[in-house]
Amino acid sequence: MSVKFDRFLYGGDYNPDQWLEYPEILSEDIRLMKKAHINTVSLGIFAWAKLEPEDGVYDFDWMEEIIDRLYENGISVNLATPSGARPHWLADKYPEVLRVNEARQRDLFGVRHNHCYTSPVYREKVRSMNQALAKRFDGHPGVILWHISNEYTGECHCPLCQQAFRDWVKERYHTIDEVNRRWNTSFWSHDYQNFDQIESPSPSRGEFSIHGLTLDWRRFVSHQTTDFCRMEVEALREAGAVKPVTTNMFYTNSFVNYYELADAVDVILWDSYPLWHKGPETLTAVNSGMQHDVMRGMKREPFLLMESCPGPTNWVPVSKLKRPGMLETASLQAIAHGSDSVLYFQIRKGRGGFEKLHGAVIDHYGKEDDRVYQECRQVGADLEALSAMNHAKVEASVAVIYDWENRWAIEESAGPRNENMYYREAVEKSWYAFRKQGVNMDVIDMTRTLDPYQVVAAPMVYMFRPGFAGRLREFVNRGGTLIMTYWSGVADENDLCFLGGTPGGLMDVMGLRSTEIDALYEGESNTVKSLDSDAVYSCEHLCQLVDLRTAKTLYVYGEDFYAGTPALTVNRYGEGLAYYVCADAEQAFYDDVYAKILREAGVRRILEQEIPDGVAVSSRQSGDAEYIFVQNYNSTPVAFVPRAEGGRVVFGEAGEEMRPFSTVVIEKNC
Ligand code: GLA
Ligand code: ZN
Numbered sequence: 072m073s074v075k076f077d078r079f080l081y082g083g084d085y086n087p088d089q090w091l092e093y094p095e096i097l098s099e100d101i102r103l104m105k106k107a108h109i110n111t112v113s114l115g116i117f118a119w120a121k122l123e124p125e126d127g128v129y130d131f132d133w134m135e136e137i138i139d140r141l142y143e144n145g146i147s148v149n150l151a152t153p154s155g156a157r158p159h160w161l162a163d164k165y166p167e168v169l170r171v172n173e174a175r176q177r178d179l180f181g182v183r184h185n186h187c188y189t190s191p192v193y194r195e196k197v198r199s200m201n202q203a204l205a206k207r208f209d210g211h212p213g214v215i216l217w218h219i220s221n222e223y224t225g226e227c228h229c230p231l232c233q234q235a236f237r238d239w240v241k242e243r244y245h246t247i248d249e250v251n252r253r254w255n256t257s258f259w260s261h262d263y264q265n266f267d268q269i270e271s272p273s274p275s276r277g278e279f280s281i282h283g284l285t286l287d288w289r290r291f292v293s294h295q296t297t298d299f300c301r302m303e304v305e306a307l308r309e310a311g312a313v314k315p316v317t318t319n320m321f322y323t324n325s326f327v328n329y330y331e332l333a334d335a336v337d338v339i340l341w342d343s344y345p346l347w348h349k350g351p352e353t354l355t356a357v358n359s360g361m362q363h364d365v366m367r368g369m370k371r372e373p374f375l376l377m378e379s380c381p382g383p384t385n386w387v388p389v390s391k392l393k394r395p396g397m398l399e400t401a402s403l404q405a406i407a408h409g410s411d412s413v414l415y416f417q418i419r420k421g422r423g424g425f426e427k428l429h430g431a432v433i434d435h436y437g438k439e440d441d442r443v444y445q446e447c448r449q450v451g452a453d454l455e456a457l458s459a460m461n462h463a464k465v466e467a468s469v470a471v472i473y474d475w476e477n478r479w480a481i482e483e484s485a486g487p488r489n490e491n492m493y494y495r496e497a498v499e500k501s502w503y504a505f506r507k508q509g510v511n512m513d514v515i516d517m518t519r520t521l522d523p524y525q526v527v528a529a530p531m532v533y534m535f536r537p538g539f540a541g542r543l544r545e546f547v548n549r550g551g552t553l554i555m556t557y558w559s560g561v562a563d564e565n566d567l568c569f570l571g572g573t574p575g576g577l578m579d580v581m582g583l584r585s586t587e588i589d590a591l592y593e594g595e596s597n598t599v600k601s602l603d604s605d606a607v608y609s610c611e612h613l614c615q616l617v618d619l620r621t622a623k624t625l626y627v628y629g630e631d632f633y634a635g636t637p638a639l640t641v642n643r644y645g646e647g648l649a650y651y652v653c654a655d656a657e658q659a660f661y662d663d664v665y666a667k668i669l670r671e672a673g674v675r676r677i678l679e680q681e682i683p684d685g686v687a688v689s690s691r692q693s694g695d696a697e698y699i700f701v702q703n704y705n706s707t708p709v710a711f712v713p714r715a716e717g718g719r720v721v722f723g724e725a726g727e728e729m730r731p732f733s734t735v736v737i738e739k740n741c
């Protein structure tokens with residue numbers, strides 16, 4: 072199912088449930104929203120106590136009135152199920168809905184996103200609420216989308232979750248002998264005699280030395296969260312809901328494997344809060360651009376930007392204002408990477424509570440002669456001007472692998488660097504090097520197909536998930552170019568180390584065996600040197616040593632006892648090429664090496680020109696039109712005139728230079 076709306080969605084989280092005693096505010100908000108081109112709001116995300124003031128007593132009239140009024144004014148609704156925060160009465164009456172932490176202590180009532188996802192009572196209460204909401208509102212023409220809960224996260228160690236975990240383990244491995252084998256429990260004599268002995272990991276009071284257990288616990292938490300989401304969706308569907316469903320994700324969530332949760336919803340929705348103006352914008356832009364690509368890569372379909380902040384966020388150590396133009400640039404970055412929306416947290420600033428000082432379209436001041444409001448209005452106008460691009464696809468022939476389970480395995484592994492393995496940074500380096508060449512890229516996990524791609528980078532693929540090694544082999548064999556890095560193919564999906572040499576099962580494809588890995592202290596470095604030019608780059612953190620079989624050396628280490636041994640290699644396998652990057656080299660190494668690899672693989676660049684530093688190029692395609700986005704993230708003007716053969720500028724100005732934080736869109740036939 073590809074979810075398409077008739078326009079770019081523009082708006083954000085709106086909490087009229089905090090304003091029911093101020094009828095004049097609602098009217099004023101609608102006026103201000105229309106003036107800012109807002110066409111969509113997300114309603115009811117944290118409104119459970121107002122929707123069900125007492126157990127089993129629903130009050131939906133106020134919500135219907137608001138949806139009606141918004142609809143009459145051309146504003147659609149993304150309607151939430153309110154399970155992200157529970158009412159007081161619910162926790163008081165049914166304490167099992169409260170989470171238990173890893174030290175086995177139960178929470179008190181408070182804050183949000185902290186429910187037991189196993190609790191039958193919590194599931195039943197949410198199910199009944201969702202069914203009632205679906206019956207009342209799914210048929211409303213103003214409701215266009217269901218927003219399931221909010222930012223599912225966290226874990227619970229209560230007795231109900233322990234039992235569910237045991238059941239999950241049993242279903243996966245059938246016998247306790249198989250569990251012992253897969254988890255290698257003979258280590259420290261931790262063999263299980265029966266399933267009842269299995270407990271979630273507890274670094275403070277119990278087990279955390281069995282990596283098979285810690286990894287499977289994280290898988291279980293993700294599974295249980297996804298199962299809860301599926302239950303919520305099912306409740307809506309059982310009550311007759313036909314509108315699409317989604318749930319909002321956030322990039323740093325380590326509790327949920329989003330590639331798994333993605334399959335439970337119709338469209339990807341995510342919350343983006345880059346720390347603009349903390350360090351160079353160009354680096355922040357890399358970080359946030361990659362996050363957009365991760366989100367789009369899950370379904371390889373346009374996604375929705377659910378939350379972003381019009382002004383400063385208030386949960387960061389320092390709440391810096393967005394410089395003029397930054398909001399527009401950041402919003403259009405999402406569009407450039409495949410978003411069909413720009414939605415904010417929040418439309419109006421609340422009067423009290425934790426988020427009263429969080430940026431919003433409408434300030435406490437409440438009027439339109441306000442800088443942030445005016446910038447929001449500009450973004451609304453931009454999206455109307457760009458409306459032809461709604462639902463255009465991002466076509467990528469390059470992919471970078473980023474895998475949630477691999478990230479867990481690297482984090483849990485105990486060595487070779489417990490300070491920081493820099494996995495995400497390694498993925499970012501590959502992503503950035505490709506992006507600098509102006510090519511579109513998908514970021515995908517190890518379960519996704521490699522068929523659409525000419526070039527695939529697989530940084531630090533420590534754990535080979537089932538089928539992944541076979542897909543890589545097939546990809547290279549049929550002519551693809553693979554770039555794998557250090558610390559790859561070390562362990563299987565149970566975090567059991569491969570026997571007989573690494574990368575496990577792919578030594579012939581890579582043409583080498585990785586032997587030892589040297590971990591460097593912070594501040595230490597080595598160098599990597601080209602064999603056919605003067606190029607020298609520094610490297611840090613991790614240096615993999617390799618034994619060559621059929622691969623050829625392109626770069627060697629410059630220092631230490633392994634000076635002169637391979638640091639970058641290439642191997643021909645079948646119709647394709649397999650590169651191996653041995654060390655955590657500086658960005659410039661990746662930039663230069665990847666530029667050459669893309670050229671040799673014949674990957675089409677979006678613009679033929681050299682792209683200056685800090686300028687990002689990406690594109691979306693619809694029918695025979697390609698929309699090329701060029702954005703300057705430098706805080707200074709850049710002498711660059713983007714040109715595409717046969718293209719015409721449809722947004723922004725392509726003059727002598729690009730202004731700081733500015734965007735140009737060129738349309739051309741493809
Ligand atoms: C998250 C939540 C929102 C809000 C914002 C504030 O993303 O989903 O409810 O708290 O953060 O930035
Ligand atoms: Zn629980």
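First residue of the sequence shown? That's 72 in our numbering, and the numbers climb one at a time after it.
Note that the Cβ used here is the ideal one computed from N, Cα and C, for glycine as well.
Here's a check: name, in chain order, each residue in its chain whose Cβ is nearer than 7 Å to the Cβ of residue i, leaving out the five neighbours to either side.
{"i": "W239", "result": "F291, H294"}
{"i": "L284", "result": "W254, P272, E278"}
Give the secondary structure of residue i by DSSP, where H, G and I count as helix, E and B as strand, and everything else as coil.
{"i": "W90", "result": "coil"}
{"i": "R198", "result": "helix"}
{"i": "L103", "result": "helix"}
{"i": "E671", "result": "helix"}
{"i": "P230", "result": "helix"}
{"i": "Q362", "result": "helix"}
{"i": "V387", "result": "coil"}
{"i": "G82", "result": "strand"}
{"i": "K438", "result": "coil"}
{"i": "Y704", "result": "coil"}
{"i": "N491", "result": "coil"}
{"i": "Q264", "result": "coil"}
{"i": "K370", "result": "helix"}
{"i": "T111", "result": "strand"}
{"i": "C380", "result": "coil"}
{"i": "R714", "result": "coil"}
{"i": "S690", "result": "strand"}
Return the chain-ordered list of same chain residues with a C-beta closer than 6 Å to the C-beta of residue i, the five sequence neighbours on each side being excluded.
{"i": "V513", "result": "First, the amino acid is wrong: residue 513 is Asp here, not Val. Cβ within range, chain order: G368, A467, A470."}
{"i": "N86", "result": "none"}
{"i": "D209", "result": "A312, K314"}
{"i": "K173", "result": "The question names Lys, yet the displayed sequence has Glu at residue 173. Correct list, in chain order: H228, S273."}
{"i": "G382", "result": "G430, V443"}
Which whole-angstrom value describes the C-beta separation of residue i and residue j, a residue pair presumed to lie in contact below a C-beta threshold of 8 Å?
{"i": "I109", "j": "G451", "result": "6 Å"}
{"i": "Y493", "j": "D655", "result": "6 Å"}
{"i": "A562", "j": "A480", "result": "7 Å"}
{"i": "T323", "j": "I219", "result": "Contact doesn't hold; Cβ gap of about 20 Å is too wide."}
{"i": "T297", "j": "L340", "result": "About 15 Å; that fails the 8 Å criterion."}
{"i": "I215", "j": "V148", "result": "7 Å"}
{"i": "E99", "j": "G437", "result": "7 Å"}
{"i": "D618", "j": "T586", "result": "5 Å"}
{"i": "Y704", "j": "T353", "result": "5 Å"}
{"i": "L639", "j": "Y628", "result": "So it is not a contact: roughly 10 Å between Cβ atoms."}
Going along the chain, which residues of its own chain have a beta-carbon closer than 8 Å to the beta-carbon of residue i, five neighbours each way excluded?
{"i": "H261", "result": "E278, S280, I281"}
{"i": "N319", "result": "H218, N221, E222, L340, W341, D342, M377, E378"}
{"i": "N740", "result": "D695, A696, E697, G717"}
Consider the C-beta atom of residue i and the heavy atoms of ligand 4; say whether any pair is separated by less than 7 Å.
{"i": "L553", "result": "Within the structure as shown, ligand 4 is missing, the only ligands being ligand 1 and ligand 2."}
Quick one: any contact between the segment 347-364 and the segment 691-700, if contact means 3 or more CB pairs under 8 Å?
Flag = no, the segment 347-364 and the segment 691-700 do not touch.
I'd like to know if the segment 331-346 and the segment 357-367 are in contact, where contact means that at least 3 CB-CB pairs between them fall below 8 Å.
Yes, since at least three Cβ pairs between the segment 331-346 and the segment 357-367 fall closer than 8 Å, the two stretches touch.
In chain order, each beta strand (DSSP E) run of at least 3 residues that lies wholly inside the segment 121-208
The qualifying runs are 147-151.
Examine the Cβ distances between the segment 525-536 and the segment 476-487 and report whether three or more of them are shorter than 8 Å.
At 8 Å Cβ cutoff, the stretches touch.
With contact counted as at least three CB pairs below 8 Å, one residue from each stretch, are the segment 410-419 and the segment 389-397 in contact?
Too few Cβ pairs lie closer than 8 Å, so no.
Can you check the segment 589-662 for any alpha helix (DSSP H) of at least 4 residues that lies completely inside it and give the ranges in chain order?
Considered as a whole, the segment 589-662 harbours no complete run of any alpha helix (DSSP H) with no fewer than 4 residues.
Would you be able to state if there are at least three C-beta pairs under 8 Å between the segment 647-661 and the segment 590-599?
With the rule of 3 Cβ pairs closer than 8 Å, the segment 590-599 counts as touching the segment 647-661.
List, from N- to C-terminal side, the alpha helix (DSSP H) runs of 4 residues or more that fit wholly inside the segment 502-543.
With a minimum length of 4 residues, no continuous alpha helix (DSSP H) run stays inside the segment 502-543.
Threshold first: 3 residues or longer. Then list the beta strand (DSSP E) segments lying entirely within the segment 308-352, N to C.
Fully enclosed beta strand (DSSP E) runs of 3 or longer: 319-321, 340-342.
Tell me, please, whether the segment 553-567 touches the segment 642-654 by the rule of three or more beta-carbon pairs shorter than 8 Å.
At 8 Å Cβ cutoff, the stretches touch.
Do three or more CB pairs link the segment 660-675 to the segment 497-508 at distances below 8 Å?
With the cut-off at 8 Å, the segment 660-675 and the segment 497-508 touch.
Taking only runs that begin and end inside the segment 444-473, name each unbroken beta strand (DSSP E) of 3 or more residues, in chain order.
Complete beta strand (DSSP E) runs here, min 3: 469-472.
Could you tell me whether the segment 702-722 touches the segment 539-549, where touching means 3 or more Cβ pairs closer than 8 Å?
Result no; under three Cβ-Cβ pairs closer than 8 Å.
Validate contact between the segment 239-258 and the segment 178-192 using beta carbons, cut 8 Å, 3 pairs
In short, these stretches do not touch, since the Cβ pair count stays below three.
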